[in-house]
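Residue numbers (the numbering used here): 3 to 211.
Structure follows, in structure tokens:
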């Protein structure tokens with residue numbers, strides 16, 4: 003099963019992707035996690051990406067496309083994958099279709115998790131992230147409950163940067179929804195529900211394919 007999860011920052015794509023990974027036994031490919039690891043390791047790619055991410059801007063298309071191309075070539079993607087955080091522009095969406103066509107593959111489910119902006123600002127401004135495993139908490143904890151890692155507030159989770167990120171999303175990422183909708187490939191899910199309810203809606207869509 004090849005799944006694409008779309009939606010604004012804070013919609014719960016990462017949470018749902020991890021749950022789907024466990025249910026379907028396919029890899030969760032998060033460009034955000036890849037970039038955060040590169041930044042933590044202070045690689046050339048990480049330092050380059052940090053300039054954009056810390057300001058709430060999108061990393062240039064070609065850099066992201068190249069990273070996804072490399073990742074989809076791994077053997078663990080043979081039975082499918084869950085894409086989260088890519089594509090973020092219509093150009094990237096076109097590139098993804100071209101890449102999958104080269105590999106004789108196609109997306110089987112394109113799902114958008116939608117949620118009101120004010121709910122997103124509240125969610126993102128009040129969350130804490132584990133440096134080691136990327137687990138997210140909505141209240142302060144001393145150590146990560148899952149792995150014992152250190153907890154921090156991401157630079158791009160301040161209210162001002164959150165609103166900037168959402169503005170970038172609306173300006174540059176919203177056209178992706180139009181791109182997939184024009185092809186009758188887009189499925190909508192209400193993200194303003196419990197994690198379990200959102201997962202149930204997603205599974206209903208997936209089981210139809």
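Quick reminder that beta carbons are idealized off the backbone N, C-alpha and C, glycines included.
None of these values were measured; they are calculated from a predicted model.
Assigned exposure category for residue 13 - 16 Cβ within 10 Å defines buried: For the purposes of this step, residue 13 is identified with residue 11 of the chain shown, where counting begins at 1. With 16 or more other Cβ atoms within 10 Å, it is buried.
Under three-state DSSP, which class holds residue 111? Taking the first residue of the chain shown as 1, we reach residue 111 at position 109. Note: residue 111 maps to strand in three-state DSSP.
Using 10 angstroms around the beta-carbon of residue 32, count the other beta-carbons present and answer buried if the total reaches 16, otherwise exposed. For the purposes of this step, residue 32 is identified with residue 30 of the chain shown, where counting begins at 1. Buried, since its Cβ has 16 or more Cβ neighbours within 10 Å.
Rounded C-alpha distance that separates residue 137 from residue 28: Position 135 of the chain shown holds residue 137. Position 26 of the chain shown holds residue 28. Distance from the CA of residue 137 to the CA of residue 28, rounded to the nearest whole angstrom, comes to 19 Å.
Under a three-way DSSP split, which group does residue 104 fall into? As a working note, residue 104 is residue 102 in the chain shown. When DSSP states are grouped into helix, strand and coil, residue 104 belongs to the helix group.
Check whether residue 3 and residue 26 have beta carbons under 8 Å apart: Against the chain shown, residue 3 aligns to sequence position 1. Against the chain shown, residue 26 aligns to sequence position 24. Yes, the Cβ-Cβ distance between residue 3 and residue 26 is below 8 Å.
Neighbourhood of residue 188 by C-beta, 7 Å cutoff - its chain only, sequence neighbours within 5 removed: For this step, residue 188 is matched to residue 186 along the chain shown. Correct list, in chain order: 112, 114, 179, 182.
Less than 8 Å between the C-beta atoms of residue 23 and residue 30, yes or no? Counting from 1 along the chain shown, the entry for residue 23 is found at position 21. Counting from 1 along the chain shown, the entry for residue 30 is found at position 28. Closer than 8 Å, so yes.
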